[in-house]
Amino acid sequence: MGMSVVLVTHSMQGLLGIAKETILLNKGKIKYYGPTKDTISKYIDDTNRVARLGHINTATRRGSGEVRIIKACVVNEKGNEITELLVGDSIRIRCSFKVNKPIKNPVFSFSICDAISRQIVLSANSDNLFHTEKLEKDGEYEIFFEKPELYPRRYYLYGGIIEKGDITPIDVWDDAGEQFIIKHTEKTKENQYSLLGSPITFSPYKFKLIEK
Numbered sequence: 001m002g003m004s005v006v007l008v009t010h011s012m013q014g015l016l017g018i019a020k021e022t023i024l025l026n027k028g029k030i031k032y033y034g035p036t037k038d039t040i041s042k043y044i045d046d047t048n049r050v051a052r053l054g055h056i057n058t059a060t061r062r063g064s065g066e067v068r069i070i071k072a073c074v075v076n077e078k079g080n081e082i083t084e085l086l087v088g089d090s091i092r093i094r095c096s097f098k099v100n101k102p103i104k105n106p107v108f109s110f111s112i113c114d115a116i117s118r119q120i121v122l123s124a125n126s127d128n129l130f131h132t133e134k135l136e137k138d139g140e141y142e143i144f145f146e147k148p149e150l151y152p153r154r155y156y157l158y159g160g161i162i163e164k165g166d167i168t169p170i171d172v173w174d175d176a177g178e179q180f181i182i183k184h185t186e187k188t189k190e191n192q193y194s195l196l197g198s199p200i201t202f203s204p205y206k207f208k209l210i211e212k
């Protein structure tokens, strides 16, 4: 006689250590059956796809809304959007924002999150890197992380804006922009990285504000 166990957990990392194969259900029907890491990736893809649709209407997002992030993505040196990098590559993030009402002394922040564990693994903020007394025009800013030590896997972006000296958020954007993937190089294939969680790491970074 067989036995089934239903496990309720928010820990994707823990699930990887429990089951080699899992089933993804959607409205009571089997949507996918296979290796757990693939099931988790499909679940996260579906969740983030719905989340991104919700972010089209920036008025529904968290924060007071004077300034809103309208797009964020990983780009190459020429400014073209990309979705794949190799282990050891530098990471360049381009973020566009819309000013609905001028704000003073803005501080922009951005984080890179592990899509499986949902853990923030790399963060940067513009405080003390550039100073804008008043932000009045739409524009873009760019963050450049120099060769961070990130594992090969899928990541997503998390952004925010505050006024310096005030912790009240002006904008908070989870899953901002498309996800991106870091892939193995021939060298890292020989020394396989762990599948369970990415380390919190530090990388030198630069912020550049580009007002239109």
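Its first residue numbered 1, the sequence shown is counted upward by one per residue in the UniProt record's numbering. C-beta: ideal position from N, C-alpha, C; glycine also.
Fill in: Distance between beta carbons of residue 153 and residue 124, contact taken as under 8 Å
20 Å between Cβ atoms; not a contact.
Discussion item. Cutting at 6 Å between CB atoms, please list the residues of its own chain near residue 98, excluding the five before and the five after it.
Written reply: 68, 70 and 138
Practice prompt. Tell me, please, which residues DSSP counts as bridged to residue 35.
Written response: 21
Discussion item. Spatial neighbours of residue 165 within its chain, please: C-beta separation below 8 Å, excluding the five flanking residues on both sides.
Written reply: 105
Worksheet item: In the segment 120-179, which residue ranges form an unbroken beta strand (DSSP E) of at least 3 residues, counting only runs that do not cross its ends?
Response: 120-125, 139-145 and 154-163
Worksheet entry | DSSP state of residue 81 mapped onto helix, strand, coil | strand
Worksheet item: How do the segment 85-93 and the segment 139-147 stand: do at least 3 beta-carbon pairs fall below 8 Å, yes or no?
Response: yes
Worksheet item: Roughly how many angstroms separate the alpha carbons of residue 79 and residue 73, rounded to a whole number?
Response: 10 Å
Worksheet entry | Coarse secondary structure for residue 41, derived from DSSP in three states | helix
Worksheet entry | Anticipated Cβ contact below 8 Å, residue 33 with residue 21, distance rounded | 7 Å
Item to complete: Between the Cα of residue 136 and those of 17, 210 and 182, spot the shortest distance and give me the residue it belongs to.
Response: 210
Practice prompt. Please report the residue range of the beta strand (DSSP E) in which residue 74 lies.
Written response: 67-75
Practice prompt. Would you identify the three-state DSSP class for residue 203, choosing helix, strand or coil?
Written response: coil
Discussion item. Need the endpoints of the beta strand (DSSP E) that residue 116 sits in, please.
Written reply: It is not in any beta strand (DSSP E) - residue 116 carries neither H nor E in the DSSP assignment.
Worksheet entry | In DSSP terms, what residue 102 is bridged to | None, per the DSSP bridge assignment.
Worksheet item: Among 107, 120, 155 and 157, which residue has its Cα nearest to the Cα of residue 134?
Response: 107
Worksheet item: Hey, would you say residue 183 sits closer than 8 Å to residue 84, going by beta carbons?
Response: yes
Discussion item. Between residue 140 and residue 111, how many whole angstroms is the CB-CB distance? I'm expecting something under 8 Å.
Written reply: Actually they do not touch by this definition, with Cβ atoms about 18 Å apart.
Worksheet entry | Selection from 187, 169, 18 and 173 that minimises the alpha carbon distance to residue 301 | Nothing can be reported for residue 301, as the shown portion of the chain is limited to 1 through 212.
Practice prompt. Just mark residue 130 as buried or exposed, buried being the case when its beta carbon has 16 or more other beta carbons within 10 Å.
Written response: exposed
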